[in-house]
Structures are given as structure tokens and as C-alpha cells.
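These protein sequences, in sequence, are chains A and B.
With positions in the first sequence counted from 1, the corresponding number in the working numbering is that position plus 142.
With positions in the second sequence counted from 1, the corresponding number in the working numbering is that position plus 165.
Let me begin by presenting the structure, written as C-alpha cells, before commenting on it.
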Amino acid sequence: MLHIVNKSPAQTTSLASCLRLAQPGSALLLTEDAVYAATTAGSAALGDALKTLKVYVLQPDVEARGMAGRLVDGITPVDYGGFVELVAEHSNNQSWL
Amino acid sequence: MKKFMFVNRKAPYGTIYALESLEVVLITATFDQDVSLVFLDDGVYELVKGQDTAGIGIKNHSKTYRALDGYDVEKLYVERESMEARGLSEDDLLVDVEVLSSAEMAALMAEQDVVLSF
Numbered sequence: 143m144l145h146i147v148n149k150s151p152a153q154t155t156s157l158a159s160c161l162r163l164a165q166p167g168s169a170l171l172l173t174e175d176a177v178y179a180a181t182t183a184g185s186a187a188l189g190d191a192l193k194t195l196k197v198y199v200l201q202p203d204v205e206a207r208g209m210a211g212r213l214v215d216g217i218t219p220v221d222y223g224g225f226v227e228l229v230a231e232h233s234n235n236q237s238w239l
Numbered sequence: 166m167k168k169f170m171f172v173n174r175k176a177p178y179g180t181i182y183a184l185e186s187l188e189v190v191l192i193t194a195t196f197d198q199d200v201s202l203v204f205l206d207d208g209v210y211e212l213v214k215g216q217d218t219a220g221i222g223i224k225n226h227s228k229t230y231r232a233l234d235g236y237d238v239e240k241l242y243v244e245r246e247s248m249e250a251r252g253l254s255e256d257d258l259l260v261d262v263e264v265l266s267s268a269e270m271a272a273l274m275a276e277q278d279v280v281l282s283f
């Protein structure tokens, strides 16, 4: 399953709820304001997700927010094409609004 | 003249709040009021250098903060706790700001006539 989160972990509990319910081995894509959780300073919000999930971040959203170069190791950046591929290669997905 | 404070607590682009705040700030400044901008929590991200929105098709409004002093809006305050929690320092910000502790920020807030929250 692909989980998609688009809210900052400082603003809503979307990411926390997602991580509570995501099964090990599933995929997590961070988009929009959720990209702050992919930064060195913000990745505490990911808990141990980097060990249990495959974590991706939408690079155009990272660049828009001036966060390029601040990403924590272990997260795979994808572009819009990569976003589409992730959706296509997983049997289902959930957007945590 | 009244003291207006604009409290910015949202990251840019994910919601419309950051842009709307900027627009109301410019309107308020036109009426010759004492305007302060405060950046707390994710609002600090609004001021980060190097924003490049070419990939998301949204106007990069971060440059507008640099134009504020042209409207005599020169009081920009950042809460130290929010900034440091996000791994940021004053060097990472695209405008000159005054960094305040939470206690100093609270005192500044308490002396305002009008506080608008975004």
C-alpha cells in the first residue's frame, strides 16, 4: 500500500496517524507541507519509519519550500512522473488529508 | 495610529494563509498603521531563502517579504524556539528579522491594539 501525506507534522496529526496504521514494508510519499518531515530538523516526526517503510518525497515541493539540501538520508526524491509510478505500482493507496 | 500585529503560523504554499496575510499586511500599511509581522511555528518557513516554485506552478511570493520595507513595514519578528526547532538560523532567512524568545514575543503581543492570526 502507498500512503500519501501532505500536511506538516507541526500542524496536524495526519503523519502521526498514518505512521500508526501503516504496515511495515509499505510505501510513504511526503508531498506539499509534509516535506518538512523529510528534512534533517523535521525527521523526528518520522519516528522509525525510515527503517520500516519505503519513504519518498516529492522533489518539486521540496524545492518550492527552499528545503533542497536539507533532506535527511534514506528518503528517495521523486518527480511527478515518479509519483504516478508509485501510484501505479501499488495495488492501493490512501491520502491522509 | 493603532498597533497591528500579524501572526503567521503556517508554511507557505500548502495553504493560502501565508499569501493572504501578506496581502492584508500591505493593505494595512497603506493606511499608515503601526504594523508588526510575527513568525511562529511553521510560519518561520515562509522566510526561508532559496524557495523555487517553478516545479509546482505557484507564484513564489517569498520575494514580497523583501519589498515590505518599501511600505514602511520594518518590524519583523521570529520566535527563537520555532526557528531553532526547524534547524534554521537567521542566516537562512531572506529578510532581516528580530529574533525574540517566547516570553519577549508574548510581551509584544500583549501590547497590541489588534492581532490578526494567519
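Note that the Cβ used here is the ideal one computed from N, Cα and C, for glycine as well.
Take the alpha-carbon of B:Tyr230 and the one of B:Val189: they are about 13 Å apart. Counting along the chain, the unbroken beta strand (DSSP E) around A:Ile146 starts and ends at Leu144 to Val147. Listed along the chain, the chain A residues whose CB falls inside 8 Å of the CB of B:Ala176 are Ser150, Gln153, Asp175, Tyr178 and Arg207. Chain A has a Cβ within less than 7 Å of the Cβ of B:Gln216. The C-beta of A:Pro219 comes no closer than 7 Å to any C-beta of chain B.
With a contact defined as Cβ atoms closer than 8 Å, B:Phe169 and B:Val203 miss out at about 11 Å. Less than 7 Å divides the Cβ of A:Ala180 from the Cβ of A:Val199. A Cβ-Cβ contact shorter than 7 Å links A:Ser185 with A:Val214.
Taking a cut-off of 8 Å for Cβ pairs, the stretch 201-217 of chain B and the stretch 176-184 of chain B touch, as three or more such pairs fall below it. Listed by position along chain B, the residues whose Cβ is nearer than 7 Å to that of A:Asp203 are Ile221. Annotation: B:Met270 to B:Ala250 spans about 16 Å, alpha carbon to alpha carbon.
By the CB criterion at 7 Å, A:Leu144 and A:Ala176 fall outside the cutoff. In the three-state reduction of the DSSP assignment, B:Glu276 falls in the coil class. For B:Val260, no Cβ of chain A is located within less than 7 Å of the residue's own Cβ.
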